[in-house]
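Following: one structure in C-alpha cells, then a few remarks.
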Amino acid sequence: MRAWHYVFESTRRLPYDIRGYSFYVSCLFLLLFVFTVRYYSFIIFAGGHVLHFFEISSFLSIQLLFGIDSLSVLMVGLTLFLFPLCFLISWENIYYKRNFFFGLLWILEILLVLVFLVLDLIVFYSVFEFILLPLFLLIGIFGKRNQKIGAAYKLFFYTVIGSFLMFISILYLLVVGGNLYYFSLNELLLSLTEGARRYIWFSFFLAFLVKLPVMPFHLWLPEAHVEAPTTGSVLLAGVLLKMGGYGIFRFLLPLFSETTYYFIPLVFTFGIISVIYASIVTIRQVDIKKIIAYSSVAHMGISLFGVFSGTVQGLQGAYFLMLSHGIISSGLFAGIGVIYDRYHTRLLNYYGGLVQYMPILATLFFLLILGNVSFPFTSSFIAEFLIFVGSFQINTFITLLALISTLFGVIYSFWLFVRVFFGPVSDYVQGFSDVNVREFIYMFILVVMMLTLGLRPNLILSMMYSSILLLL
Amino acid sequence: MFANFNNFLNIYVYLPEIFFGFFVLLLLLFLVYDSIFLDISLADSTFVKKKKLIINSSVIFLILLFILVLFALYMNSYTGVIQGDSFIVSPFIIFSKRIFLLIAFLVMLIFFNYSRYMKAQSFEFYFSFLLVMFSSILLMQANNLVSFYILIELQSIVLYFLLAFDRSSSISVESGLKYFLVSIFMSIIFLLGVAFIYISYGSTNFTILSLLMYRLEDLGISIYGFALFFIFIFFKLAVVPFHFWALDVYVGASWPVLSVLSVLSKLPLIVFLTRVFLLMGFDVNFNFGLNFVLVLFDVTGFLSVLFGTIGAVYYMNFRKILVYSGIANIGYILLSIGSSNFLAIFFAYIYFMFYSFVTVLLLYLFSLIFRTKFAEYTFQFRGLASRYFYMGFLFLFIFFIFIGLPPLAGFWTKFLLLYSMVTTGAVLKALFIFVFNILSAVYYIRIIREMYFGKSLEELDKIKVFATDFDFIITFLVVFLLFTLVLLFVNFDMVIWIILSIFA
C-alpha cells in the first residue's frame with residue numbers, strides 16, 4: 001500500500017525504452033493491417049463493405065458498427081503508415097515527459113484508426129470530439145512558446161463550436177428516425193422535407209469545414225501548427241485534416257444527393273475564397289511552419305472542389321489529393337523539424353544557404369516542395385489534374401481561378417525553398433551536421449511514397465474506383 | 001412486499017430507520033460518556049489528543065460500517081405507508097436511499113481524511129454527519145408537508161453547526177451565520193406557503209394533494225402556497241433567483257462540510273422533486289392552473305444555466321467555480337423537469353445522481369490537496385501535472401466529464417437529457433443547454449490549462465498531496481468508474497432495470 005504514495009506522486013519508470021518499443025509495435029500494426037487488407041481485398045476493393053457489428057445500447061439504438069470499404073482502408077493505411085514515422089521523428093525531440101508524450105501518441109493512434117472505421121453517427125461524433133483531448137494536451141504541453149496555450153484553446157473551441165450544430169442534427173435525426181442505422185439513413189433523410197434536409201446538410205458541412213480548414217474557419221490551423229511539436233504537426237496535417245474530408249465522403253455525399261447538388265455553388269464559393277486567400281497570405285509569412293500550414297489550407301480547398309464536382313475524376317482526385325497531401329505535408333513538416341532540431345528557430349530571416357551544410361536534406365526537401373507545387377511526377381500532380389478535370393466540367397471559371405492559386409503555390413513554395421536553402425550562407429547559420437540516419441529514413445520514405453504514387457497512381461486509384469462509383 | 005397494517009403497526013417498513021435511530025442514540029451515549037470521562041481526568045494534553053484521535057477514528061469507522069450495513073438492509077425492504085401517512089416507502093425511494101448511502105460513504109471518506117490531518121477535534125463534528133444522514137434518509141420518505149418541514153429543519157440545524165464548527169476562523173463562522181439567517185427567513189416563507197395550501201385543501205399530505213389538484217376551477221390562494229413551497233426548495237438547491245447565499249456559505253465550509261452541503265443536502269430534495277413530478281403528473285397537455293409550476297421550473301432553470309455559466313468565468317477560486325457550476329447543473333435538471341416528460345424527469349434524476357457522485361469525487365481530490373485555510377486559487381494548481389502525474393490525470397478526467405466531452409460519461413448523461421427534451425419537442429431548450437454547456441468549458445479548460453501547461457510556482461511546494469494508504473479505494477473507484485462509465489452508461493440495460501424497479 002505504500003506504493004500508492006509513489007503512484008500519486010510520480011510517473012512510473014518503464015523497464016524498456018519507449019521509443020523503440022513504440023516504433024516497432026507501430027510497424028507491427030502496419031504489417032498486420034496490410035495482411036488483413038490483402039485477406040479481405042476481394043470484398044473491399046470491389047466496392048463492398050466488411051462489417052462487424054456490436055450493439056452498445058439497445059435503448060438508444062447506438063450500434064458500434066464498424067465498416068471498412070476502400071475509402072476507410074486507405075485512410076487507416078495512411079494513419080498506420082505515418083505513425084512509425086512519427087515515432088521516429090520524436091526520437092530525440094522530446095526529452096521531458098517522454099512517456100507521457102508517447103502515451104498520448106498511442107491514444108491518438110487508436111482514436112484515429114477508430115474514427116475511420118465507425119459507421120454510426122453518434123460514435124463517429126464521439127470519437128471526432130474525443131480526439132481533441134490528446135491533441136489539446138499535445139500542443140499545450142509540448143509546444144515551445146507561450147502562445148501555445150492560445151493555440152490549444154483555439155483548436156479545442158473551434159472544433160467544439162463547429163461541431164455542436166452537427167450534434168444537434170444527429171440528435172434530431174435520432175429522435176425523428178428512432179435509430180441511426182447507417183444503411184437506412186438514406187430513406188430516413190428522404191422522408192424529411194427538403195428544408196430540413198438542407199439545415200442538416202449545412203450543420204454537418206459546418207463541422208467538416210472547420211476540421212478540413214476552409215477560409216472562414218481556418219484560423220486554428222496556422223496557430224496549431226506553429227505551436228505544436230513536430231510530431232504533432234505531422235499528425236495534424238497528415239491525418240486530422242483528412243478526418244474532415246473523410247467525413248464528407250462517408251456521411252455527406254452518400255446520404256444527401258439533391259441537397260449536395262443544391263449547395264454546390266456555396267461550396268465552390270467557400271472553396272475559391274479559401275484557396276486564393278490562403279495562397280496569397282502565404283506569400284507574406286515569415287514563419288516556415290505557417291507557410292506550410294497555409295498551403296495545407298489551400299490544398300484542402302482544392303480537394304473541396306474535387307469532392308463537390310460530382311464526377312468520378314473529381315472524387316478520385318479529391319481523395320487522392322488527401323492521401324498525397326498527407327504524405328507531402330508530413331514530409332515538409334518533418335523536414336522543418338529536422339532544421340528546427342538544429343537551429344531552434346522557424347523564422348525565415350535567420351536562414352540562408354543551408355544547402356552548403358545539408359545537401360541531402362536540401363534534395364529531399366526540394367522533392368517535397370515539388371510535390372507541394374503539384375509538379376508532374378509527384379502524386380499531387382495526378383490528384384490536382386483529376387480534380388481540375390472534374391471541376392472543369394462543372395464550372396470553368398472557378399477552375400481557372402483555382403489554377404491561379406496553383407500559380408501562387410509555386411511562388412511561395414519555391415520562394416521558401418530558395419530563401420532557406422540557397423543563397424549566401426546567413427550569419428546565423430552554423431555548421432550543423434546533415435541529416436542523420438534516422439531522419440534520413442523517414443524523409444526518404446515519405447519522398448519515395450510521393451514519387452511512387454506519382455509514377456504509378458493506379459496502385460491506389462484502382463482501389464478507390466469502385467467505392468467512389470458507388471457514391472455517385 | 002406491501003405491509004398491510006396502517007400506522008404504527010407497520011413496523012417492518014421502517015425497521016431500518018429504527019435501527020438507525022438506536023445506533024445514533026447508543027453512539028451518542030457512549031461518546032458523551034467517554035468525553036465526560038475525558039474532561040474529568042487530569043491527564044496532560046497529549047493523552048487527550050491521542051484519545052480524541054482514537055475516538056474520532058472509531059466514530060468514523062463505525063459510521064462507515066454502519067453505512068454498509070444500512071445499504072445491505074435496504075436490499076429487500078418492505079414498502080408501504082407509515083406513521084399516519086407521514087411517510088411513504090416505495091422501491092424508487094429505496095433505490096434512492098441506497099444511492100444516497102453510496103455517496104455518503106464517499107463523503108465519510110472525506111471526513112476520514114479530514115480527521116487525519118486535523119489532529120485534535122471533538123467527536124461532534126463526525127457524529128453530526130450521522131444526524132444529517134438520518135434526516136436526509138427520512139426526508140426522502142416524507143409524504144407530508146409537516147414531516148418534510150421537520151426533517152429539513154433538522155438537517156439545516158446540523159448544517160449550521162457543521163458550517164460554523166471552526167470557531168477560530170471568521171470566514172467559517174460567517175458562512176454558518178449567513179446560512180442560518182437566510183434559512184430561517186426562508187423557513188418562515190415556507191410555513192406561510194404550507195398555511196396557504198392547508199387553507200385551500202384541508203390536508204398537508206402529498207398523496208391527497210396530488211389527487212385534489214386535478215379538480216380545481218378556482219385556484220385562489222393555493223397557487224401562492226405551491227409557489228412559496230417550491231421557492232423554498234429552490235432556495236435549498238441554490239437555484240438562481242435564490243442563490244445569493246451559496247457563494248458566501250460555500251467559501252467558508254471545510255471540505256467535508258462542503259460535500260455535505262453541496263451534494264447530500266440536495267439529494268433528498270431532487271428525489272422529492274422527481275417523485276412529485278412523476279407521481280403528481282404535471283403535464284403540459286393538462287390545462288389546469290397549476291401548470292404555472294412548469295413555467296416556474298423553466299424560468300428558474302433558464303436563469304440558473306445563464307448565471308451559473310457566466311458567473312464562473314470571472315472567478316479564479318475553486319470554491320466559487322464549484323458553486324456556479326453546481327448552479328448551472330441544477331439549471332439543466334430544472335429545465336429538464338420543466339419538460340414534464342416522464343423520460344426527461346427520470347433522466348434528470350439520473351443526471352443529478354451521476355453529477356453528485358462526480359462532485360464528491362472532485363471534492364475528495366481537493367480535500368487531499370488543499371488543507372490550509374480557505375483560499376484555493378486556480379493558479380495554485382500550476383504545474384500540478386508535472387509533479388503529481390496521477391492526480392493531474394484524475395483531475396483531467398473529472399473536468400472533462402464536467403465539460404461533457406463525448407465518450408466520457410458526462411456527455412452521455414447530458415445526451416440523455418437533450419434526447420428526452422428533443423423527443424417532446426423542446427428543441428430550443430435543448431439547444432440552449434448545449435450552447436451553455438460549451439460555454440462552461442471555458443473555465444474548466446482554464447483549470448486544466450493551469451494544471452498541465454504551466455511551470456510550477458512555489459505555491460506548489462506548499463501543497464503536499466496527502467495520499468494515505470486507503471486511497472487505493474478511491475483510486476480504484478475513480479478509475480474504474482470513469483472508464484467503465486464510458487461504456488456502462490451507454491449500455492442502458494441498467495437504466496431499464498431502474499425504470500422497472502420503480503413500478504415493481
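Chains as they are written, first to last, in our numbering: chain A, 1 to 472; chain Z, 1 to 504. In this text, a Cβ means the ideal position worked out from N, Cα and C, and glycines have one as well.
So, helix, strand or coil for residue i, using DSSP?
i: A/Asp-287; result: strand
i: Z/Ala-246; result: helix
i: Z/Tyr-238; result: The sequence given here places Ala at residue 238 of chain Z; Tyr does not occur at that position. Looking at Z/Ala-238 - three-state DSSP - the assignment turns out to be coil, as it is neither helix nor strand.
i: Z/Asn-341; result: coil
i: A/Val-118; result: strand
i: Z/Asn-205; result: strand
i: Z/Ala-142; result: strand
i: A/Leu-347; result: strand
i: Z/Asp-469; result: Only weak support exists for where Z/Asp-469 lies, its pLDDT of 49 falling under 50; the coordinates are left without a value.
i: Z/Asn-329; result: helix
i: A/Asn-436; result: coil
i: Z/Asn-317; result: strand
i: Z/Tyr-377; result: strand
In angstroms, rounded to a whole number, what distance separates the CA positions of residue i and residue j?
i: A/Asp-427; j: A/Tyr-350; result: 8 Å
i: A/Leu-240; j: A/Leu-111; result: 11 Å
i: Z/Gly-425; j: Z/Leu-343; result: 13 Å
i: Z/Val-173; j: Z/Tyr-179; result: 10 Å
i: A/Gly-271; j: Z/Val-239; result: 47 Å
i: Z/Phe-436; j: Z/Val-305; result: 7 Å
i: A/Lys-290; j: A/Thr-282; result: 8 Å
i: A/Ile-369; j: A/Thr-363; result: 10 Å
i: A/Ile-460; j: Z/Phe-397; result: 40 Å
i: Z/Ser-264; j: Z/Val-293; result: Note that residue 264 of chain Z is Leu in the sequence shown here, rather than Ser. Going by the C-alpha atoms only, they are around 25 Å apart.
By the DSSP assignment, the alpha helix (DSSP H) with residue i in it spans what residues?
i: A/Ile-404; result: 396-421
i: A/Phe-164; result: 164-177
i: Z/Ile-447; result: 427-452
i: A/Phe-366; result: 359-373
i: A/Gln-316; result: 312-343
i: A/Asn-186; result: 185-190
i: A/Asn-199; result: Contrary to the premise, residue 199 of chain A reads as Tyr rather than Asn in this sequence. Unbroken alpha helix (DSSP H) run through A/Tyr-199: 194-211.
i: A/His-225; result: 220-227
i: Z/Lys-414; result: 409-424
i: A/Ser-233; result: 230-235
i: A/Lys-242; result: 241-247
i: Z/Phe-402; result: 389-403
i: Z/Gly-220; result: It is not in any alpha helix (DSSP H) - Z/Gly-220 carries neither H nor E in the DSSP assignment.
i: Z/Ala-510; result: No information on residue 510 of chain Z is available, as it lies outside the stretch 1 to 504 that chain Z covers here.
Identify, in the order they occur along the chain, each residue of the same chain with its Cβ nearer than 8 Å to the Cβ of residue i, setting aside the five sequence neighbours on each side.
i: Z/Pro-16; result: Leu-70, Leu-73, Tyr-74, Ser-77
Below 6 Å CB to CB, which residues in the same chain sit around residue i once its five sequence neighbours on both sides are set aside?
i: Z/Val-194; result: Leu-145
i: A/Asp-17; result: none
i: A/Phe-521; result: Because chain A here runs from 1 to 472, residue 521 of chain A falls outside it and cannot be looked at.
i: A/Pro-473; result: For chain A, the structure presents residues 1 to 472; residue 473 of chain A sits outside this window and is missing.
i: A/Phe-249; result: Leu-71
i: A/Tyr-343; result: none
i: A/Ile-339; result: none
i: A/His-299; result: His-325
i: Z/Phe-206; result: Asn-143
At which residues does the beta strand (DSSP E) containing residue i begin and terminate?
i: A/Phe-23; result: It is not in any beta strand (DSSP E) - A/Phe-23 instead sits in the alpha helix (DSSP H) that spans 18-39.
i: Z/Ile-88; result: 87-89
Below 8 Å on the Cβ atoms is my guess for residue i versus residue j; work out the distance and round it to an integer in Å.
i: Z/Ser-175; j: Z/Leu-163; result: 5 Å
i: Z/Pro-268; j: Z/Ser-122; result: Not quite, the Cβ-Cβ distance comes to about 27 Å (not below 8 Å), so this is no contact.
i: Z/Leu-418; j: A/Glu-129; result: Their Cβ separation, rounded to whole angstroms, is 15 Å, which puts Z/Leu-418 and A/Glu-129 out of contact at 8 Å.
i: Z/Arg-319; j: Z/Val-251; result: 5 Å
Which same chain residues end up closer than 7 Å to residue i when comparing Cβ atoms and leaving out the 5 residues on each side of it in sequence?
i: A/Met-75; result: Phe-116, Lys-242, Tyr-246
i: A/Arg-381; result: Checking the sequence shown, residue 381 of chain A turns out to be Phe, not Arg. Counting only Cβ-Cβ distances below 7 Å, and skipping sequence neighbours, we find Ser-374, Phe-375, Gly-454.
i: Z/Leu-363; result: Ile-110, Trp-255, Leu-258, Ser-259
i: Z/Tyr-349; result: Ile-270, Thr-274
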